[in-house]
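Visitor:
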Amino acid sequence: MLLELSIRNVAIIEEISISLKSGLIAFTGETGAGKSILIESLLLALGGRSTVEIVRTGTSEAEVTALLSCEEDSPVKAKLEEAGIPFEDEILVRRVIYANGRSRAYINDRPVTVSFLREVGKDLVEISGQHEHQHLMNSKYHLDLLDLHGGLMEDRAGIREQYKKTRDMRKVLTELGGNAVERQRRKEYLLYQIEELERVDLSISEDDLHDERRYLLQLERMLEVGQSAEAMLYSGQGSFTEEVGRFAQQFGDWSDFSEELKVVSDGLHEAQALIDDVARSLRNFLDITELNPGRLEEIEEQITQIRDLKRKHGVMTVDALLQTKQEYEKELQQLHDQETLLSEKEAQYNDEVESLVEISTALSKRRRKVATKLSKEIEKELASVGMKKSRFVVEFEYSEPEEGEEALEEDRPLPGPDGQDKVQFLLSSNPGEEPRSLARVASGGELSRIMLSLKQILTEHEPVETCIFDEVDTGIGGFAATIIGQKIKRIADERQVICITHLPQLACFADHHFLIQKSEKDGRTHSVIRKLNKTQREKELARMLGGIEITTQSRAHARQLLQQAKEFFAQA
């Protein structure tokens with residue numbers, strides 16, 4: 072509850088300090104007296120947007136301080152304790168705006184950010200003004216009101232938690248899945264490279280292959296020479312061994328004639344015997360040695376393949392090729408594992424979606440029951456403010472899909488963080504007319520009545536202790552204004568209500584009445600606020616009823632309004 076409000080150097084307000092109590096508090100005054108500045112100042116203290124224009128001309132800074140009481144079970148307590156600010160049953164919020172555009176914010180004299188002050192402020196004071204009419208045309212706001220009335224905010228929080236789990240799982244799937252086409256292409260590439268490497272026997276070292284190649288080439292040459300030698304020694308008539316034997320025989324026949332020829336003959340016989348031994352050894356070598364021409368071709372091809380593979384993969388050794396193959400196999404296995412994990416995560420995601428749909432459907436059913444009850448209550452409240460023939464309808468549609476989300480069916484998106492419902496309040500003000508959106512059929516006065524009807528109905532669900540109505544009576548007059556005043560008074564029975572109003576029919580119900588006036592001092596305009604006693608209230612209500620001149624008739628009417636309010640208090 073707002074206990075004190077101090078304003079210094081804000082626009083035409085030089086310095087004002089007021090103390091406030093519970094109940095209905097009315098602020099009245101002529102146009103331009105500073106009523107809107109009062110609300111703007113309170114907004115500043117609660118973290119509202121500031122501009123240099125609000126700093127009073129000729130001063131260096133503006134300051135607004137508000138003292139508020141706060142219950143132990145208020146969400147403010149958790150926010151303050153999380154920020155390291157001790158919770159007390161009275162909270163002092165302060166905002167200083169400098170002429171250079173900078174500003175500072177404080178809670179219990181501790182510096183805080185403006186955004187944090189705003190977060191705390193929205194749990195301390197609720198301000199309803201002309202902007203709330205715009206909220207009434209926003210279907211997102213309609214869903215908030217419906218869930219608040221039905222006590223469904225906890226269910227909605229459960230959906231938000233389940234939606235986050237579903238969204239997170241979807242993100243995991245996206246990261247795991249990537250580009251399926253690209254992943255398949257990569258798998259095919261890796262498989263091809265592995266198979267190509269496996270077609271070549273990399274278990275034999277390159278050195279061994281080259282050694283074997285050199286051996287086979289040498290063997291081929293040895294066989295070639297051996298065969299030539301064997302052919303020369305033995306093959307055909309006139310072979311070398313035959314000629315040596317013939318010459319040995321010839322010189323042997325002549326050995327009787329010459330000792331030297333005998334030596335020659337004996338030497339040739341010895342040579343023939345030696346050549347026979349050599350030839351037998353050579354023939355044995357040729358008989359037992361076999362050259363496999365295919366093996367040499369195989370080795371040549373293997374060496375060429377290894378050389379080409381090394382060049383292709385940019386490595387220098389067979390060991391490096393084997394390492395490359397292992398890396399390919401590892402990556403291929405990872406892709407297989409990824410697909411297995413992807414299948415598991417897809418199953419988990421489907422389970423999360425099923426849970427989200429299940430609880431969203433259950434909440435939707437509860438919402439529809441609440442909507443039926445709310446429609447009847449709103450129609451009853453509207454009838455009491457002069458809209459007896461009105462029909463109030465809560466229309467349900469599937470919510471808009473979140474960006475990047477899939478659809479369950481062609482016309483049914485995946486439930487969002489608030490569930491599967493998009494609701495819209497519809498109104499038919501006159502019999503025979505189909506209910507339409509508030510933006511299309513509701514006047515400003517009707518919007519004010521709908522808003523107040525909602526406030527009346529939702530009072531028990533609102534955690535905020537102070538509610539401010541800033542000229543919500545626009546477009547209302549006469550008997551309807553009296554009913555509006557009674558409704559606001561009933562709301563004030565549960566919460567502190569501060570009302571900025573031009574209507575005497577509303578102001579007369581106030582428990583505390585403040586008058587805001589302009590005055591001039593030393594050539595400067597000042598705004599002043601004073602609390603009115605009974606006589607002063609009568610005069611102010613008469614002014615509001617009769618304009619500039621206060622007549623006997625307007626005073627009598629003012630007394631009548633106060634008497635009616637008194638009787639209403641007695642009945643309440």
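Under my numbering, the first residue of the sequence shown carries the number 72, and numbering increases by one thereafter.
Don't be surprised by glycine CBs; every beta carbon is placed ideally from N, CA and C.
On a predicted model such as this, the values are computed, not experimentally measured, just so you know.
(1) For S431, which residues of its own chain have a beta-carbon under 7 Å away from its beta-carbon, when the five flanking residues on both sides are left out?
(2) Which same chain residues end up closer than 6 Å to A636 when comparing Cβ atoms and leaving out the 5 residues on each side of it in sequence?
(3) Is the CB-CB distance between K436 and A104 below 8 Å?
(4) Nearest to K383 by CA position, among Y169, I178, E267, is which residue?
(5) Please tell me whether, using a cut-off of 7 Å, the distance from the CB of E134 to the nearest non-hydrogen atom of the ligand SAH is below it.
(6) Going by the beta-carbon positions, is the gap between V315 and I346 smaller than 8 Å?
(7) Give me whichever residues DSSP pairs with T537 in a beta bridge.
(8) Report yes if the CB atom of H213 is closer than 8 Å to the CB atom of L529, and no otherwise.
(9) What does the alpha-carbon distance come out to for the pair T245 and N421?
(10) Quick check on the burial criterion: 16 or more other C-beta atoms within 10 angstroms. Buried or exposed for A454?
(11) Alpha carbon to alpha carbon, what distance is there between R189 and E517?
(12) Thinking C-beta only, is F328 closer than 8 Å to L339?
(13) Taking the alpha-carbon positions, what's the I521 to E565 distance?
(14) Would you mind stating whether V164 and A133 have Cβ atoms separated by less than 8 Å?
(15) Checking 8 Å against the spacing of the C-beta atoms, do D541 and I571 come in under that value?
(16) Measuring only the C-alpha atoms, how far is D160 from L139?
(17) Answer with buried or exposed for E638, where buried requires no fewer than 16 other C-beta atoms within 10 angstroms of its C-beta.
(18) For A342, collect the residues of the same chain with a Cβ closer than 7 Å to its Cβ; drop the 5 residues on either side in sequence, then sort them by chain order.
(19) Which runs of the beta strand (DSSP E) fall wholly inside the segment 154-189 and span at least 3 residues, in chain order?
(20) Return the CA-CA distance between V494 and V465, expressed in angstroms with no decimal places.
(21) Assuming V123 contacts A170 (C-beta within less than 8 Å), just tell me the rounded distance between them.
(22) Which of the three DSSP states is assigned to F640 in this structure?
(23) Could you tell me the distance, in whole angstroms, from the CA atom of Q298 to the CA atom of Y399?
(24) Since I believe I83 is in contact with T443 (beta carbons under 8 Å), could you give me their beta-carbon distance rounded to a whole number of angstroms?
(25) With H, G and I counted as helix, E and B as strand and the rest as coil, what does DSSP make of D422?
(26) Considering just the uninterrupted stretch of the alpha helix (DSSP H) at I265, what are its terminal residues?
(27) I need the boundaries of the alpha helix (DSSP H) containing A228, first residue and last residue.
(28) Which residues bound the alpha helix (DSSP H) around H384?
(29) Could you tell me whether the Cβ atoms of G155 and I587 are closer together than 8 Å?
(30) Give every residue of the same chain whose Cβ lies closer than 7 Å to the Cβ of L616, excluding the five residues on either side of it in the sequence, and list them in chain order.
(31) Between L633 and S90, what straight-line distance do the alpha-carbon atoms span, to the nearest angstrom?
(32) Just list the residues that DSSP pairs Y469 with in beta bridges.
(33) Return the CA-CA distance between M293 and D379, expressed in angstroms with no decimal places.
(34) Starting from the C-beta of E452, find all residues in its chain whose C-beta is less than 7 Å away, skip the five residues before and the five after it, and write them out in chain order.
(35) May I have a chain-ordered list of the alpha helix (DSSP H) segments no shorter than 4 residues that lie completely inside the segment 301-348?
(36) Looking at the unbroken beta strand (DSSP E) that takes in R608, where does it start and where does it end?
Guide: According to the structure data:
(1) By one-based count along the sequence shown, residue 431 stands at place 360. Excluding positions up to five away in sequence, the list reads I230, P486, G490, Q491.
(2) The count along the sequence shown starts at 1 and reaches residue 636 at position 565. In chain order, C579, F580 place their CB closer than 6 Å to the CB of A636, counting only its own chain and leaving out the 5 sequence neighbours on each side.
(3) Translated into positions along the sequence shown, residue 436 becomes position 365. Translated into positions along the sequence shown, residue 104 becomes position 33. No, they are not a contact pair.
(4) The residue given as residue 383 occupies position 312 in the sequence shown. Nearest C-alpha to K383: E267.
(5) This structure simply doesn't include the ligand SAH, nor any ligand for that matter.
(6) Translated into positions along the sequence shown, residue 315 becomes position 244. Translated into positions along the sequence shown, residue 346 becomes position 275. Yes, the pair counts as a contact, with Cβ atoms nearer than the cut-off.
(7) Within the sequence shown, residue 537 is the residue found at index 466, counting from 1. Beta-bridge partners assigned by DSSP to T537: V196, Q567.
(8) Locating residue 213 in the sequence shown gives position 142, where the first residue counts as 1. Locating residue 529 in the sequence shown gives position 458, where the first residue counts as 1. Contact: no.
(9) Indexing the sequence shown from 1 puts residue 245 at position 174. Indexing the sequence shown from 1 puts residue 421 at position 350. Here the C-alpha atom of T245 lies approximately 14 Å from the C-alpha atom of N421.
(10) Within the sequence shown, the letter at position 383 stands for residue 454. Here A454 is exposed: its Cβ has fewer than 16 other Cβ atoms, across all protein chains shown, within 10 Å.
(11) In the sequence shown, residue 517 corresponds to position 446, counting from 1. In the sequence shown, residue 189 corresponds to position 118, counting from 1. Cα to Cα, the separation comes out at about 30 Å.
(12) Mapped onto the sequence shown, residue 339 falls at position 268. Mapped onto the sequence shown, residue 328 falls at position 257. Cβ atoms of L339 and F328: not closer than 8 Å.
(13) Taking the sequence shown and counting its residues from 1, one reaches residue 521 at position 450. Taking the sequence shown and counting its residues from 1, one reaches residue 565 at position 494. Distance between the alpha carbons of I521 and E565 is about 19 Å.
(14) In the sequence shown, the residue the question calls residue 164 occupies position 93. In the sequence shown, the residue the question calls residue 133 occupies position 62. With respect to A133, V164 sits apart: the two C-beta atoms are not nearer than 8 Å.
(15) The residue given as residue 541 occupies position 470 in the sequence shown. The residue given as residue 571 occupies position 500 in the sequence shown. Between D541 and I571, the C-beta gap is smaller than 8 Å, which places the two residues in contact.
(16) Looking up residue 160 in the sequence shown gives position 89. Looking up residue 139 in the sequence shown gives position 68. So the two alpha carbons sit approximately 8 Å from each other.
(17) In the sequence shown, residue 638 corresponds to position 567, counting from 1. The residue is exposed, with fewer than 16 neighbouring Cβ atoms inside 10 Å.
(18) Here residue 342 corresponds to residue number 271 of the sequence shown, with the count starting at 1. When the five nearest sequence neighbours on each side are left out, the beta carbons in the same chain lying within less than 7 Å of the beta carbon of A342 are those of V315, in order along the chain.
(19) Counting only runs of at least 3 residues, the segment 154-189 fully encloses the following beta strand (DSSP E) elements, listed from N- to C-terminal order: 161-169, 174-178, 181-183.
(20) Taking the sequence shown and counting its residues from 1, one reaches residue 494 at position 423. Taking the sequence shown and counting its residues from 1, one reaches residue 465 at position 394. Taking the straight line from one Cα to the other gives about 6 Å.
(21) Within the sequence shown, numbered from 1, the residue matching residue 123 stands at position 52. Within the sequence shown, numbered from 1, the residue matching residue 170 stands at position 99. Cβ atoms of V123 and A170 come within 8 Å of each other, at about 6 Å.
(22) Within the sequence shown, numbered from 1, the residue matching residue 640 stands at position 569. F640: helix per DSSP, three-state reduction.
(23) As a first step, residue 298 is located in the sequence shown; it is residue number 227 there, counting from the start. As a first step, residue 399 is located in the sequence shown; it is residue number 328 there, counting from the start. Those two C-alpha atoms are separated by around 50 Å.
(24) Residue numbering aside, residue 443 sits at position 372 when the sequence shown is read from its first letter. Residue numbering aside, residue 83 sits at position 12 when the sequence shown is read from its first letter. T443 to I83, Cβ: 50 Å. No contact.
(25) Residue 422 sits at position 351 when you count from the first residue of the sequence shown. When DSSP states are grouped into helix, strand and coil, D422 belongs to the helix group.
(26) Taking the first residue of the sequence shown as position 1, residue 265 is located at position 194. Where I265 is concerned, the enclosing alpha helix (DSSP H) stretches over 251-269.
(27) Counting from 1 along the sequence shown, the entry for residue 228 is found at position 157. First-last of the alpha helix (DSSP H) with A228: 224-248.
(28) Residue 384 sits at position 313 when you count from the first residue of the sequence shown. Where H384 is concerned, the enclosing alpha helix (DSSP H) stretches over 364-384.
(29) Locating residue 155 in the sequence shown gives position 84, where the first residue counts as 1. Locating residue 587 in the sequence shown gives position 516, where the first residue counts as 1. Not closer than 8 Å, so no.
(30) In the sequence shown, counting from the first residue as 1, residue 616 sits at position 545. Closer than 7 Å at the Cβ level, and outside the excluded window around L616, lie P575, S625, H628, A629.
(31) If you number the sequence shown from 1, residue 633 lands on position 562. If you number the sequence shown from 1, residue 90 lands on position 19. Rounded to whole angstroms, L633 to S90 spans 23 Å at the Cα level.
(32) Position 398 of the sequence shown, counted from the first residue, corresponds to residue 469. Beta-bridge partners of Y469 (DSSP): D492.
(33) Sequence index remark: in the sequence shown, residue 293 carries index 222 (1-based). Sequence index remark: in the sequence shown, residue 379 carries index 308 (1-based). Here the alpha carbon of M293 sits roughly 31 Å from the alpha carbon of D379.
(34) Here residue 452 refers to the residue found at position 381 when the sequence shown is read from its first residue. The beta carbon of E452 lies closer than 7 Å to those of S524, Q527, I528 in the same chain, with the five residues before and after it left out.
(35) Along the length of the segment 301-348, whole alpha helix (DSSP H) runs at least 4 residues long occupy 311-324, reported in chain order.
(36) Here residue 608 corresponds to residue number 537 of the sequence shown, with the count starting at 1. DSSP places R608 outside any beta strand (DSSP E); the residue lies instead in the alpha helix (DSSP H), whose first and last residues are 605-617.
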